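So the structure is just underneath, and the comments pick up after that.
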Amino acid sequence: MTEAEALDPERSARAWLPAMLLIAAVFAWVAPTLCWLEFNNTPENLNVATAQEMRRGGPWLVPNLQGELRAAKPPLAAWITAALIRPETMKTISSPDALTRNRGFIELEWETRCPALVAMCILLVAVFGLARTLGGDTLALVSVAICGTNFMFLRFGRLSTTDVQLSLWVSIADWLLAIAIIRGRAWVGFIGAAIALSLAMLAKGPVCLVQSALPVALFALWRGWSNRRHTLVATDEKPRSRKLPLAIGIVVFFALATPWFIYVAMKHDVIHIWYTEVTRVHARDLPPDPWYMYFVIFAYIAPWIAFFVVGLIVLTQETFAPARRAMLSPSPGTRGDGGGEGSSLGAIDHPSQHNPHPNPLPGRERGEGANDVLALFLVVVPIVIMSCVRDKEDRYLLPMIGPVSIIAARGVMEHLKSWARWKWEDTLVVALHWLAVVVIVVGLPIIGSLTSNNAQPKSADQVSSVLQPEQSGKQAERFAAFKRVDGSPWYEKEFAYPAAFTALVLIGFAIYLHRIWRGTLVLATFMLMLITQVIFMAGYAQSKLGHAETRPLAEGIASLYPDAEVYNAHPEGKRPPSDVGIYLNRTIPWVENPETIAPSSKPQILLMLQNAGEAAPKAPPGWDLLDVKPRDKDFWYVFVRTPKEG
């Protein structure tokens, strides 16, 4: 794709229109499910609770959480979340009426999660732009379809977390840096990327540089080395002319990204907190995660796993191809087989200009390195560095979702090149792909209906009381994920079996059509996954895992004592469960000694933790035991002190 073609309005419209339709479809299918889950995700709960505290009158510049400084994470996600929560919603969730509060929390779920989904849809736009810059329109469309329907997107793209904001701005920075390095549009690319990276810095700190700037810089060095050795460099613009916009971009980044951190460091003792957050040293009292933790990325790209593996193989071969050619070529300055001019900082040439049998992916038959190898750098470099850190959470992979999708799309492109005449490799990869689709799309309703219902439905008193013993044992734990709260399976057999049969018929029809129209594989998988995520959410929302674990406790307190003051007496100063703060909609300060709490004209609630194996905490003088709530292997004890009459 030449610069002229990229800037041609008619060609650009033809390329962007189908991409926008795909992105609109993702939003339309995911958005209705945003309010089906309660606030049961800890990273999301921390962000939402922080935003609530800002809305209740807490500081905005340096947000607080439960009355304490929350400087561990930069504030961008909390700022955006708080700004989009309506004042009417904050009033509704504090209503003494339970039905009114429930309606208010549904509104809160929408107002906090819809911006996150919008951000992820904008991320899809950035993925399209990056893939189009690297490999053309077809690669870009396939990348969007894969990115919007893989497990990683459908799991994390609906949550109001710092990771979503980080992923958005990192993806935009990747696109703009690619424009600067590959298209040669240095002013737009470098300065735009500096602004995007500064916002990423305000979303989650300097990890954004590891996930974007560093791998792009290494790619530029690799590409420059490759082209200098194996092409005759010919470009109208000298590489050193890009030094000025690059330098200005660096200045812009530091000017926008650092003032908040400097201000907080001057006002508060936070350096040790930031050191812990970046290095994860002493961040939690658990053994280090295994080095291979991030291999979970193969599962998160499902159902596109087979094509992701193919893309990895192809791009790895392209990465090391210059070294192999160097050993075989008698002259390091000769052109590649396809001829043509290239530069590490030049524009992408359309392959048909140099090759009578054009390759859909530029650069593979020429001496220059392939541009889409950048996607490999954007995945491998961050994962290698992040694997050296003690803590490895699967959500940390979300900023790489765009490059991962491009790699999988590269695998799809390899198949589409030989679509008219399949090789045995095509048959194997396509068969593995459809097998993954069958396991997910057909298997979900069947598995969700086979769970045995060996638990009798509980009465309302039993469901609401946290003092009732919960079902235990390996058998119960094994099937807990596919059971509703009352113990029944996710789906009735009258729905599950017809749904599975219909899905199987549709997959069979798609396999047949793929022989006639090569776009069937991508489009059919795209639609089937969007429909399946709705079916999955319908079941998951009814399970114990889809509910906020301590919401019944918060609802009970709000019903009995709607204006109560709530305190936390955790022995180590840790906050109470994050969903308690959300559903109580009030600040829960920590007190070291409960006996120092002064009596009030309002009822007072005290939360105390019993760690596993420790003795139960005793009620402080003047307090009465109200309830006990199990959480993991521990128990939260709830004490109450009511004001004395007269």
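If you count by the numbering used here, then the sequence shown holds residues 22 to 667, one letter each, in order.
Built from N, CA and C at the ideal position, the CB exists for glycine as well.
This structure is a prediction, so every number in the text was calculated from the model and none was measured.
Alpha carbon to alpha carbon, how far is residue j from residue i? Give it in angstroms, no decimals.
i: V659; j: A276; result: 48 angstroms
i: G567; j: F319; result: 25 angstroms
i: P117; j: R607; result: 14 angstroms
i: R122; j: L574; result: 14 angstroms
i: E570; j: D507; result: 15 angstroms
i: A103; j: L471; result: 42 angstroms
i: L67; j: S599; result: 6 angstroms
i: R179; j: L55; result: 6 angstroms
i: S192; j: M421; result: 8 angstroms
i: M111; j: K438; result: 55 angstroms
i: K654; j: N85; result: 28 angstroms
i: D412; j: V299; result: 10 angstroms
i: D648; j: W657; result: 8 angstroms
i: M675; j: V555; result: Here the chain covers residues 22 to 667 and nothing more, so residue 675 does not appear.
i: P39; j: L265; result: 37 angstroms
i: P351; j: E339; result: Low per-residue confidence applies at P351: pLDDT is 47, beneath 50, and the placement is therefore not dependable enough to give any value.
i: T617; j: K639; result: 16 angstroms
i: I269; j: I212; result: 7 angstroms
i: V209; j: L82; result: 30 angstroms
i: I609; j: V601; result: 9 angstroms
i: P664; j: D584; result: 12 angstroms
i: N475; j: I461; result: Low confidence applies to N475: its pLDDT is 48, below 50, so where it sits in the model is not reliable enough to give any reading.
i: A214; j: S247; result: 25 angstroms
i: A194; j: R76; result: 31 angstroms
i: L120; j: Y582; result: 16 angstroms
i: I216; j: F274; result: 6 angstroms
i: L449; j: T183; result: 39 angstroms
i: I200; j: V543; result: 27 angstroms
Can you say whether residue i is buried or exposed, counting buried as having 16 or more other CB atoms within 10 angstroms of its CB?
i: S219; result: buried
i: E74; result: buried
i: T113; result: buried
i: G529; result: exposed
i: P96; result: buried
i: T159; result: buried
i: Y315; result: buried
i: Q232; result: buried
i: Q563; result: buried
i: S164; result: buried
i: N614; result: exposed
i: A99; result: buried
i: A619; result: exposed
i: F341; result: exposed
Does residue i get closer than 9 angstroms to chain D when you measure Cβ to Cβ?
i: T71; result: The chain labelled as chain D is not found in the depicted structure, where only one protein chain is given.
Along the chain, where does the beta strand (DSSP E) that runs through residue i open and close?
i: Y658; result: 655-662
i: D645; result: 645-652
Quick check on the DSSP output: the alpha helix (DSSP H) that includes residue i runs from which residue to which?
i: V587; result: Per DSSP, V587 belongs to no alpha helix (DSSP H); it is in the beta strand (DSSP E), 586-589.
i: I626; result: Here I626 belongs to no alpha helix (DSSP H); instead the beta strand (DSSP E) covers 625-631.
i: P403; result: 394-407
i: L453; result: 445-458
i: N66; result: 63-76
i: V83; result: Careful: V83 lies outside any alpha helix (DSSP H) and carries neither H nor E.
i: E435; result: 422-438
i: F174; result: 172-177
i: R124; result: 119-156
i: I212; result: 207-225
i: K112; result: 108-113
i: T300; result: 292-300
i: G529; result: 514-535
If you measure from the CB of residue i, is any heavy atom of the ligand COA nearer than 8 angstroms?
i: E446; result: In the structure shown, the ligand COA is absent, as is every other ligand, since no ligand is present at all.
>> With three or more C-beta pairs closer than 8 angstroms as the rule, is the region 220-234 touching the region 444-460?
In response: no
>> Does the region 204-212 come into contact with the region 435-451, if we say contact requires no fewer than three beta-carbon pairs (one atom in each stretch) closer than 8 angstroms?
In response: No, the region 204-212 is not in contact with the region 435-451.
>> Can you confirm whether the region 411-428 touches the region 329-339 when touching is taken to mean that 3 or more C-beta pairs between the two stretches lie within less than 8 angstroms?
In response: As far as the Cβ criterion goes, the region 329-339 touches the region 411-428, which means the pair count is three or higher.
> Is the region 626-642 in contact with the region 577-591, if contact means three or more CB pairs nearer than 8 angstroms?
Replying inline: yes
> Is the region 277-294 close to the region 410-421, with three or more CB pairs under 8 angstroms?
Replying inline: Under the 8 angstroms Cβ criterion, the region 277-294 does not count as touching the region 410-421, having fewer than three qualifying pairs.
> Which runs of the alpha helix (DSSP H), 4 residues or longer, sit entirely within the region 307-334?
Replying inline: 318-321
>> Suppose only complete runs of 4+ residues qualify. What are the alpha helix (DSSP H) ranges in the region 540-586, listed by chain order?
In response: If only uninterrupted alpha helix (DSSP H) runs of at least 4 residues are considered, those enclosed by the region 540-586 are 541-561, 572-581.
> With a cut-off of 8 angstroms, do at least 3 Cβ pairs link the region 40-54 to the region 163-182?
Replying inline: yes
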